[in-house]
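Residue numbers (our numbering): 3 to 299. Glycine included, each C-beta is placed from N, C-alpha and C at the ideal position. These figures come from a predicted structure and were not determined experimentally. Everything below concerns the one structure shown next.
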């Protein structure tokens with residue numbers, strides 16, 4: 003084969019491959035759009051900083067919205083550290099095929115849940131990404147993005163008022179979600195009143211702004227310590243972090259040991275103790291989220 007023939011053959015092969023890849027991507031996009039056609043609002047809950055109670059806030063927000071009459075689904079986008087099934091009291095082995103998709107598990111307040119944890123062998127099983135040996139960081143990122151796409155497009159969500167995505171720590175974690183859902187309706191940040199947390203979370207908010215995602219606001223978790231004896235709220239941190247410029251604080255949730263303990267037991271505290279200070283703060287948050295989407299912001 004002459005050099006010119008080889009070049010022509012290579013061009014034909016690469017053109018065919020590019021067309022095939024483009025066709026596959028278009029089909030995946032259409033499948034995802036069809037699956038989410040019944041979802042009115044999407045909300046990503048993020049922090050960028052681990053240990054701020056983001057998933058606990060997301061679970062209680064979902065339960066609160068559902069308890070107030072909304073149909074709610076939660077996608078546990080933290081593939082390597084999934085916690086939503088436990089926080090929402092989902093029984094293991096609760097997935098089943100439904101038509102052309104997988105019926106999500108149903109947790110507290112009838113919240114629909116999809117999580118990597120529901121696909122693992124046991125509660126202590128870690129996620130093992132095949133093909134990621136020898137430090138194949140880029141390959142692992144591709145696998146994670148594909149897993150999120152499959153969870154979104156293969157789960158039979160049905161009609162939902164809200165689909166909440168609980169993102170893992172990391173200031174860059176919003177970008178893959180935005181690639182999958184370019185019409186993402188909003189982002190909610192969770193922080194604690196410390197300068198270190200504010201420093202990291204501000205980077206996540208910068209990323210959100212650069213991607214053009216509407217910012218719903220932020221939640222200040224552990225805003226104070228609730229005394230279990232007298233019921234008074236005192237300072238938990240020695241300093242008070244500055245607010246995020248141009249981003250409204252939607253709720254201040256005090257640290258209450260029972261708030262976390264009920265989450266560990268799969269009973270969102272906003273349902274069991276609706277008059278507790280933390281639960282009232284989450285209700286304020288749910289009200290602000292509803293107003294944000296109702297106003298078309």
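Cut-off 6 Å between Cβ atoms - residues of its own chain near residue i, not counting five sequence neighbours on either side
i, result
"residue 106", "114, 115, 116, 157"
"residue 290", "252"
"residue 175", "169"
For residue i, three-class secondary structure by DSSP
i, result
"residue 146", "helix"
"residue 125", "coil"
"residue 208", "helix"
"residue 251", "strand"
"residue 197", "helix"
"residue 103", "strand"
"residue 282", "helix"
"residue 293", "helix"
"residue 256", "strand"
"residue 226", "strand"
"residue 262", "helix"
"residue 115", "strand"
"residue 38", "coil"
"residue 190", "strand"
"residue 134", "Reliability fails at residue 134, whose pLDDT of 49 lies under 50, so the model's placement of it is uncertain and no value is given."
Residues near residue i in its chain [Cβ-Cβ closer than 7 Å; skip 5 each side]
i, result
"residue 171", "49, 50, 51, 52"
"residue 73", "161, 162, 163"
"residue 183", "44"
"residue 58", "89, 262, 265"
"residue 296", "none"
"residue 83", "170"
"residue 79", "150, 167, 168, 169, 170, 179"
"residue 248", "none"
Rounded straight-line distance, which links the Cα of residue j to that of residue i
i, j, result
"residue 216", "residue 262", "29 Å"
"residue 204", "residue 198", "10 Å"
"residue 98", "residue 123", "16 Å"
"residue 127", "residue 47", "25 Å"
"residue 201", "residue 245", "11 Å"
"residue 281", "residue 273", "8 Å"
"residue 207", "residue 191", "7 Å"
"residue 385", "residue 109", "Residue 385 lies beyond the residue range present for the chain, which begins at 3 and ends at 299; the question has no answer from this structure."
"residue 55", "residue 120", "21 Å"
Range covered by the alpha helix (DSSP H) that runs through residue i
i, result
"residue 215", "Looking at the DSSP string, residue 215 is not in any alpha helix (DSSP H), and its letter there is neither H nor E."
"residue 273", "271-274"
"residue 182", "176-182"
Residues near residue i in its chain [Cβ-Cβ closer than 8 Å; skip 5 each side]
i, result
"residue 227", "235, 236, 237, 238, 256, 257"
"residue 149", "81, 118"
Residue interval of the beta strand (DSSP E) (run including residue i)
i, result
"residue 163", "162-168"
Residue i Cβ short of 8 Å to the ligand MG heavy atom set
i, result
"residue 248", "Ligands are entirely absent from the displayed structure, and the ligand MG is therefore not among its contents."
*Along the chain, which unbroken stretches of the beta strand (DSSP E) at least 3 residues long are found entirely within the region 41-108?*
Whole beta strand (DSSP E) segments, 3+ residues: 41-48, 74-78, 98-100, 103-105.
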